[in-house]
Each structure stands twice: as C-alpha cells, then as structure tokens.
Amino acid sequence: MAGPLTVPWTPPHDPETPALSVVDMHTGGEPLRIVLAGCPEVVGPTLLAKRRYMRQHLDHVRRRLMFEPRGHRDMYGAVLVPSELPDAHLGVLFLNNEGYSSMCGHAVLALGRFALDFGLVPAPPSDAQEALVNIHCPCGLVAAFVECEGGRSRGPVRFHSVPAFVLATDFLVDVPGHGKVVVDVAYGGAFYAFVSAEKLGLDVCSAKTRDLVAAASAVTEAVKAQFKINHPDSEDLAFLYGTILTDGKDTYNEEPTTNICVFADEQVDRSPTGSGVTARIALQYHKGLLELNQTRAFKSSATGSVFTGKAVREAKCGDFKAVIVEVAGQAHYTAVDERSCCSAALPVFGVVTLLTVIMDEAICG
C-alpha cells in the first residue's frame with residue numbers, strides 16, 4: 007500500500023518560468039488572490055506611480071493570474087508593494103479583469119486578516135480583541151480593524167474608509183434601450199453610478215444576472231459618455247469604476263437593502279461591494295436619509311452575503327463635504343501555499359488547497 011502523498015514545493019516546470027506564491031481568500035463570496043512572493047519588482051516613488059508602472063510593464067502578471075486557466079473573468083487580485091506613507095503597514099495594488107482599481111473594500115477586509123496572520127503588522131497583546139492594520143490603497147490610507155484572539159484573526163474585520171463624497175445627484179442620462187434614466191454618482195475610494203433597478207424594468211432580487219449585467223453596463227457606458235468624472239486629489243482616481251443597481255430602499259430601515267455591483271469589464275461582485283457600500287452610505291447621508299453612526303445592512307443579490315456600514319464622522323475631500331465610513335464583513339481563507347502556511351502558523355478553517363501559480367505559458371496573454 008502506498009505511503010502518504012508527498013507534495014513537492016512546486017511541480018516540475020521550466021526553472022526560468024516565474025512561480026508565484028499566492029494566498030486565496032474570499033469575503034462575502036467575492037474572491038481575492040493575494041500575491042505573497044515571486045512578482046517582479048513594481049517600481050515607482052509613490053503607490054499611484056507603482057500602479058501606473060504595473061499597468062505599463064507588468065500587465066502580463068495580472069492577465070495570467072486573473073484569466074483562465076488560472077483564474078476566471080470574475081477573479082480579483084492584490085499585489086503587495088511597499089508604501090511611501092510612514093503610517094502604512096503595507097501597500098496594495100488591486101487587480102481585476104480589466105485593469106487596476108483604486109479601492110476594494112472586500113479585499114481590504116481580507117487583507118486585514120491576512121496581514122495579521124502573516125506577521126505583516128506587530129503582534130497585538132495576547133489579550134487584545136482587535137488589531138489595527140493600516141493599508142495604503144491607491145485611493146489613500148485605509149484603517150482595518152481585525153478581530154483577534156491570542157494574536158490571531160477570527161474572521162470578522164471592519165475598516166474606516168478614505169473620505170467618501172457625492173459627485174452628482176439626480177443626473178439625467180440617456181441609456182440606450184432604457185431612455186432617460188436618473189442616476190447618482192458617488193465616491194467611496196472608487197466612483198460608482200447608482201440607480202434603482204426598477205427604473206430599468208428589473209427587480210434586483212429576482213432578475214437574471216445577465217439582464218442585470220447588461221443594464222448596469224449600459225448605464226456605465228452612458229455615464230462615461232455624458233458625465234465628466236473628476237477627483238480633487240488626483241486624475242488617477244477620476245474614472246467611473248462601475249454601476250450599482252439597488253432595490254431603491256435608500257431610506258433607513260433595519261432590514262438589509264439589496265444591491266449588485268457590475269464593475270470593470272462587466273465583472274460581477276459576489277459581495278455587497280465594500281467601496282460601493284462606502285459610496286452608498288455617503289449618498290444616503292448626503293440626502294439626509296441616514297445619521298452619523300446609524301448602521302445599515304447591505305445584501306448582495308448575487309450571493310445573499312451581507313456587509314454593514316455606517317458614517318462615523320464628517321470630513322472633507324477638496325471642496326466636497328465627505329464622510330468617513332465604517333464597513334464590516336467576514337473574510338475567509340480558501341487556498342494557501344504550503345510554505346507560507348507553515349511559516350505563518352496560519353489558523354486555517356474549513357477546506358483549503360495548496361496553491362503555487364506557475365506562469366509557464368501565455369494563454370489569455
């Protein structure tokens with residue numbers, strides 16, 4: 007009878023072919039592939055400069071990690087890079103099926119847990135119930151608070167956003183196939199268009215996903231063509247990331263309000279969308295529908311997963327009145343590289359797989 011299976015560090019492959027060590031996680035059903043080691047150096051004096059460099063010189067890494075056969079069209083990723091900010095524990099570049107986003111809330115929730123478990127932040131006291139992880143995202147510094155026990159994460163994480171604000175309300179756009187549609191545009195680290203799915207003849211809770219994607223994509227393209235996006239801090243942040251279709255229940259209620267986010271190249275977020283929740287909270291506060299520290303629950307129509315959010319204090323972003331938003335959710339490990347798992351004494355619950363990504367052929371890029 008054969009003995010126990012021995013797993014090699016990496017399968018046989020061309021020694022000149024890069025092998026990336028990665029950790030796979032999900033938050034609310036939305037995947038996150040974190041590049042732990044093996045990525046070529048990302049050059050630049052600032053995080054936004056590094057983002058530009060990776061887009062121009064290392065986009066093959068994104069394509070091979072995100073697309074089939076190693077990923078899929080709705081895969082999401084994160085590359086860890088040094089930050090120029092003295093208060094940051096780590097910097098991160100976000101990857102999607104189209105390019106590089108400026109903020110990702112579900113990823114921040116997962117990265118907070120990851121950073122604590124992999125020793126990227128100082129170990130908290132053994133009796134601490136929460137650990138702080140400062141994550142430098144392209145949109146700015148985001149503070150994550152990780153629930154912990156005995157110095158290790160437990161799963162729940164919350165973060166405080168960059169200043170979130172409203173760019174436009176009740177803006178009328180001509181959407182092909184739907185006529186004139188009233189939309190709002192708000193920023194939560196990334197810009198989104200918001201519209202009730204009912205205005206497009208759809209029920210966000212029961213419509214087919216492909217119909218929601220088609221409608222949201224039509225809104226995104228219409229807003230891009232008919233509305234100028236601007237950000238007071240950087241042109242790198244001045245782009246519409248996607249459209250969030252809602253159930254129209256913006257007035258405060260203790261019951262969850264449902265939405266679906268379609269972003270990048272018609273990518274569907276399985277989670278309620280952390281940066282989208284941030285922007286939607288800012289929008290509701292701007293309209294007087296929500297008070298400070300009034301918590302709302304946001305439900306994904308794709309998976310039923312729930313984040314909570316609340317505006318914790320007022321702020322400014324350039325001349326815009328803004329709020330700092332707290333978003334909370336649950337992050338999970340799904341796959342880890344055997345070496346990183348052993349070295350980090352990682353607490354892994356449920357079913358995981360060992361994962362090393364071999365970049366040995368150029369399928370899909």
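Position 156, counted from 1, in the sequence shown is what this note's numbering calls 162; the numbers after and before it change by one each time, with no gaps.
Even for Gly, the Cβ is constructed at its ideal location relative to N, Cα and C.
A quick note: this is a predicted structure, and the numbers were derived from the prediction, not measured.
Residue i versus residue j - alpha carbon distance
{"i": "L42", "j": "V98", "result": "11 Å"}
{"i": "F304", "j": "P21", "result": "47 Å"}
{"i": "S202", "j": "N102", "result": "25 Å"}
{"i": "L86", "j": "G161", "result": "20 Å"}
{"i": "V189", "j": "T249", "result": "10 Å"}
{"i": "K205", "j": "R302", "result": "23 Å"}
{"i": "H166", "j": "A244", "result": "21 Å"}
{"i": "A174", "j": "D217", "result": "26 Å"}
{"i": "K322", "j": "P238", "result": "10 Å"}
{"i": "V168", "j": "E74", "result": "33 Å"}
{"i": "V172", "j": "A328", "result": "8 Å"}
{"i": "V268", "j": "A222", "result": "6 Å"}
{"i": "H78", "j": "A25", "result": "19 Å"}
{"i": "R276", "j": "D80", "result": "9 Å"}
{"i": "G183", "j": "E136", "result": "49 Å"}
{"i": "L455", "j": "N236", "result": "The requested residue 455 is not part of the displayed model; the chain covers only 7 to 371."}
{"i": "R319", "j": "T263", "result": "22 Å"}
{"i": "K234", "j": "D176", "result": "15 Å"}
{"i": "V210", "j": "P51", "result": "43 Å"}
8 Å Cβ cutoff met for residue i and residue j
{"i": "N265", "j": "S307", "result": "yes"}
{"i": "F100", "j": "V29", "result": "no"}
{"i": "A317", "j": "L289", "result": "no"}
{"i": "V181", "j": "A228", "result": "yes"}
{"i": "E153", "j": "V163", "result": "yes"}
{"i": "A170", "j": "A337", "result": "no"}
{"i": "G35", "j": "T340", "result": "no"}
{"i": "S311", "j": "A196", "result": "no"}
{"i": "G157", "j": "P130", "result": "yes"}
{"i": "A84", "j": "A113", "result": "yes"}
{"i": "T33", "j": "L115", "result": "yes"}
{"i": "V342", "j": "F313", "result": "no"}
{"i": "V283", "j": "G111", "result": "yes"}
{"i": "P1", "j": "Y82", "result": "With the chain running from 7 to 371 in the structure shown, residue 1 is simply not present."}
{"i": "Y247", "j": "Y198", "result": "yes"}
{"i": "G280", "j": "G335", "result": "yes"}
{"i": "G118", "j": "A94", "result": "no"}
{"i": "L91", "j": "H142", "result": "yes"}
{"i": "R68", "j": "R76", "result": "no"}
{"i": "L54", "j": "S240", "result": "yes"}
Assigned exposure category for residue i - 16 Cβ within 10 Å defines buried
{"i": "Y291", "result": "buried"}
{"i": "L122", "result": "buried"}
{"i": "G324", "result": "exposed"}
{"i": "T23", "result": "exposed"}
{"i": "A270", "result": "buried"}
{"i": "T252", "result": "buried"}
{"i": "R39", "result": "buried"}
{"i": "Q273", "result": "buried"}
{"i": "V49", "result": "exposed"}
{"i": "G207", "result": "exposed"}
{"i": "P144", "result": "buried"}
{"i": "L178", "result": "exposed"}
{"i": "K214", "result": "exposed"}
{"i": "H66", "result": "exposed"}
{"i": "L298", "result": "exposed"}
{"i": "P46", "result": "exposed"}
{"i": "R61", "result": "exposed"}
{"i": "K5", "result": "The chain is shown only over 7 to 371; residue 5 falls outside these bounds and no answer can be derived."}
{"i": "L11", "result": "With a pLDDT of 49 at L11, under the threshold of 50, the modelled position of that residue is not reliable, and the figure given next carries that caveat. Exposed: under 16 other Cβ atoms inside 10 Å."}
{"i": "G194", "result": "buried"}
{"i": "S159", "result": "buried"}
DSSP beta-bridge partners of residue i
{"i": "P182", "result": "Partner(s): none; P182 has no beta bridge."}
{"i": "G83", "result": "R39 and L101"}
{"i": "P238", "result": "Per DSSP, none; premise fails for P238."}
{"i": "L138", "result": "F151"}
{"i": "Y193", "result": "F171 and F197"}
{"i": "A328", "result": "F171 and A321"}
{"i": "S159", "result": "C154"}
{"i": "R164", "result": "F151 and A334"}
{"i": "G310", "result": "The partner list for G310 (beta bridge, DSSP) is empty, contrary to what the question assumes."}
{"i": "V32", "result": "The residue asked about is misnamed: residue 32 is His in this sequence, not Val. Answer is P37 and H338."}
{"i": "G146", "result": "C143"}
Endpoints, the alpha helix (DSSP H) within which residue i is located
{"i": "H112", "result": "G111 to D123"}
{"i": "Y198", "result": "From DSSP, Y198 is part of no alpha helix (DSSP H) but of the beta strand (DSSP E) over F197 to S202."}
{"i": "S212", "result": "No alpha helix (DSSP H) holds S212; DSSP gives it neither H nor E."}
{"i": "K56", "result": "L53 to H63"}
Segment limits, beta strand (DSSP E) that includes residue i
{"i": "L246", "result": "L246 to T252"}
{"i": "V268", "result": "T263 to F269"}
{"i": "A288", "result": "First-last for A288: G280 to H292, but that is the alpha helix (DSSP H), not the beta strand (DSSP E)."}
{"i": "R302", "result": "R302 to S306"}
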